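Here's the structure we're looking at; comments come further down.
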Amino acid sequence: MNYEDDSIKIQLKEYDFCEKEVEKLKDPFETNYPILYILYNTDKKKMPEAYVGQSRRFDKRMSEHLKNDKKAMMKKIIMIGHETLNVSAALNIETNLISCFIADEKYKVENRSQIKGSESHNYYDKKYYDEILFPRIWTQLKEEKIVKHSVDYLRNKDTFKLSPFRGLSPEQQDLKEKVIDFCKRSLNDNENEHHVFFIAGEAGTGKSVVLSSIFKTVQDLAEKKETNFNLDNNYLLVNHNEMLKTYKKIAESLPNLKKKNFMKPTSFINECDKGKINLADIVLVDESHLLLSTKDKYNSFEYENQLEEIIKRSKVTIVVFDEKQVLKLKSHWNVDSLVEIKNEFPIHEEYHLTTQFRMKADPEIVHWVDSFVDRKILPFPKVTKREKSEFDKRFGDEDFDFCFFSSAEDMRMKIKEKNQKYGLSRIVSTFDYTHKKDGGDYLVEEGDFSAPWNRTDYKKSWAEEEETINEVGSIYTIQGFDLNYVGVILGPSIGYDADKNELKIDIEKYKDSEAFKGREGIENIDKVKEQIILNSINVLLKRGINGLYIYASNDELREKLMSIQKEKSKWTN
Numbered sequence: 002m003n004y005e006d007d008s009i010k011i012q013l014k015e016y017d018f019c020e021k022e023v024e025k026l027k028d029p030f031e032t033n034y035p036i037l038y039i040l041y042n043t044d045k046k047k048m049p050e051a052y053v054g055q056s057r058r059f060d061k062r063m064s065e066h067l068k069n070d071k072k073a074m075m076k077k078i079i080m081i082g083h084e085t086l087n088v089s090a091a092l093n094i095e096t097n098l099i100s101c102f103i104a105d106e107k108y109k110v111e112n113r114s115q116i117k118g119s120e121s122h123n124y125y126d127k128k129y130y131d132e133i134l135f136p137r138i139w140t141q142l143k144e145e146k147i148v149k150h151s152v153d154y155l156r157n158k159d160t161f162k163l164s165p166f167r168g169l170s171p172e173q174q175d176l177k178e179k180v181i182d183f184c185k186r187s188l189n190d191n192e193n194e195h196h197v198f199f200i201a202g203e204a205g206t207g208k209s210v211v212l213s214s215i216f217k218t219v220q221d222l223a224e225k226k227e228t229n230f231n232l233d234n235n236y237l238l239v240n241h242n243e244m245l246k247t248y249k250k251i252a253e254s255l256p257n258l259k260k261k262n263f264m265k266p267t268s269f270i271n272e273c274d275k276g277k278i279n280l281a282d283i284v285l286v287d288e289s290h291l292l293l294s295t296k297d298k299y300n301s302f303e304y305e306n307q308l309e310e311i312i313k314r315s316k317v318t319i320v321v322f323d324e325k326q327v328l329k330l331k332s333h334w335n336v337d338s339l340v341e342i343k344n345e346f347p348i349h350e351e352y353h354l355t356t357q358f359r360m361k362a363d364p365e366i367v368h369w370v371d372s373f374v375d376r377k378i379l380p381f382p383k384v385t386k387r388e389k390s391e392f393d394k395r396f397g398d399e400d401f402d403f404c405f406f407s408s409a410e411d412m413r414m415k416i417k418e419k420n421q422k423y424g425l426s427r428i429v430s431t432f433d434y435t436h437k438k439d440g441g442d443y444l445v446e447e448g449d450f451s452a453p454w455n456r457t458d459y460k461k462s463w464a465e466e467e468e469t470i471n472e473v474g475s476i477y478t479i480q481g482f483d484l485n486y487v488g489v490i491l492g493p494s495i496g497y498d499a500d501k502n503e504l505k506i507d508i509e510k511y512k513d514s515e516a517f518k519g520r521e522g523i524e525n526i527d528k529v530k531e532q533i534i535l536n537s538i539n540v541l542l543k544r545g546i547n548g549l550y551i552y553a554s555n556d557e558l559r560e561k562l563m564s565i566q567k568e569k570s571k572w573t574n
């Protein structure tokens, strides 16, 4: 395909959605060609509604929609055609359109999800349709004032990234189908047993994306009389304020999703105990490594284990877990703990997600990061320069940017440069700097670098607030979210043991006052505390999609990192 050729124009036509106009659809594009379309209304008294679809028989599909009571209420049709459009491309662009409509927040999106059909497969020139044709279609919609925001702005929003309509990988789609089938079988079980499905996966494997897609499908299936699903008795729980904000924001734009169905674990348990929620049908638990595994009066939890209590209050529980993201002693989990839960509830299944999606980095870089989190400091990763395709050369598909900095201020300048160009680029730090919950501002200070940090009093997620480019985030502001580029400050607790050539963790310098509170009876407690700090490093280093920058506060570690980066220059020149 000639990417320079703009002669093939997008056909974008608007009609009144009525029988008279539908009967006029006789163009070959409208009767025998893959077509995208948008049904919408502009009722000024309430949030406008939109439905996005695709069809090879646009005329026939519109006639069918006119017979549907809900869709017949729409007032306008926008037909979108392009000579190069094929069925795979139309399906792909349809999911992009739906996800952007959700993130744009102008319409309540009336699309229902499906169990099958959302798998994101490869096809000829997929990059062209993703990166060229779709943005051009969206730009035309924006110029016609159908939508509000640009593609680049929307793709950086958490509501886009967690959209339940995002295309899933074959592995993710396989997991989704297994979970839905598990839910159906479990709800048909009349033995009053508790059924549990465990989903394991490290940072960046798309756990939350799959969970969002599963929950939307569960709620849409509950509309159908032939299923045992109950629309009002399913819940998605997450013990993370920033993630909860995003899930509730998505719920505002979609049918069958209600804010009340998204809760924190303790709130769910307490509502059940008060009788406001009877035995729940299906409960999905995101970021379950953040669940409490001991009593915690501060969080109004009086039992011994949150996961166990959630399972007891649910017919079916879907649990997403990553032991490498446990960040507090009172949320301490290990293999034995999970084995005990599984033994207590023997009707369970497991699935392990393995493919890394967040970091668009070569395997050598991912391996370096994994080894670093395991204390090992390897030589700078050697990445073979790949031959760029015509598309890559034309549209600037850049290699993953990975480097170390001797100055935190220099790293900030680099992050600001990337943020200016791509957006959603931020600095984060290990919890090695003072922070109190008194509403005051606290600073990360490193040489000539100074910035407020760990601010959480925002309506949107921390990374989406424009002013946070001048701040430093923590594990609590960024866990579970993507950044385009991340700059990580490794604070004073992260040092270097030259004799062993490995990281040295000083737990006395770690200043997360909550991390080491409220847990007795853990063997090798110092080792567990060190692992919590290493887990926090793992969370931070795996936030960046397109680039990772590292600055170490500790002199010895900083010198080590700069020395291996210097060695890199010898074999790259």
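For the sequence shown, our numbering begins at 2 and goes up steadily by one. Idealized CB from N, CA, C, for every residue including glycine. Computed from a predicted structure; not experimentally measured.
Around Ser332, the same chain offers His290, Leu291, Leu292, Leu293, Ser294 as residues with beta carbons nearer than 7 Å, after the five sequence neighbours per side are excluded. Partner residues in the beta bridge of Arg427, as assigned by DSSP, are Val487. Contact between the segment 344 to 364 and the segment 195 to 207 is present: 3 or more CB-CB pairs across the two stretches fall below 8 Å.
In the DSSP assignment, the residues bridged to Ile78 are Tyr16, Leu40. In this structure, Leu13 is the residue among Arg544, Leu13, Ile538 with its C-alpha nearest to the C-alpha of Arg137.
Classified as exposed, Tyr299 has fewer than 16 neighbouring CB atoms from the shown chains inside 10 Å of its CB.
Within the DSSP bridge table, the entry for Gln55 names Leu37 as partners. Out of Ser114, Lys569, Val152, Trp454, the CA that lies nearest to the CA of Glu132 is found in Val152. Listed in chain order, the non-local C-beta contacts of Val445 below 6 Å within the same chain comprise Ser430, Tyr434, Ala452, Trp454, Val473, local neighbours out to five positions each way being set aside. Per DSSP, Ser315 is one residue of the beta strand (DSSP E) stretching across 315 to 322. Between the segment 156 to 175 and the segment 246 to 256 there are three or more C-beta pairs closer than 8 Å, enough to call the two in contact. 8 Å or more divides the Cβ of Ile215 from the Cβ of Ile103. Under the three-pair Cβ rule at 8 Å, the segment 79 to 91 does not count as touching the segment 181 to 189.
In this structure Gln173 is in contact with Val211, their Cβ atoms being roughly 5 Å apart against a cut-off of 8 Å. Cβ contact annotation for Glu194 (same chain, cutoff 6 Å, sequence separation greater than five): Ile348, in chain order.
In this structure, Asn42 sits away from Met63, with a CB-CB distance that is not shorter than 8 Å. For Thr96, the closest alpha carbon among the candidates Arg544, Trp139, Asp126 is that of Trp139. Linking Leu330 to Phe381 through their CA atoms gives a straight-line distance of about 33 Å. For Asn539, the enclosing alpha helix (DSSP H) starts and ends at 526 to 542. Here the C-alpha atom of Tyr130 lies approximately 45 Å from the C-alpha atom of Lys343. Under the three-state reduction of DSSP, Tyr304 is assigned to coil, being neither helix nor strand.
Take the alpha-carbon of Leu40 and the one of Ser213: they are about 24 Å apart.
Residues of the same chain with a CB within less than 6 Å of the CB of Gly54, apart from the 5 flanking positions on each side, are Tyr38 in chain order.
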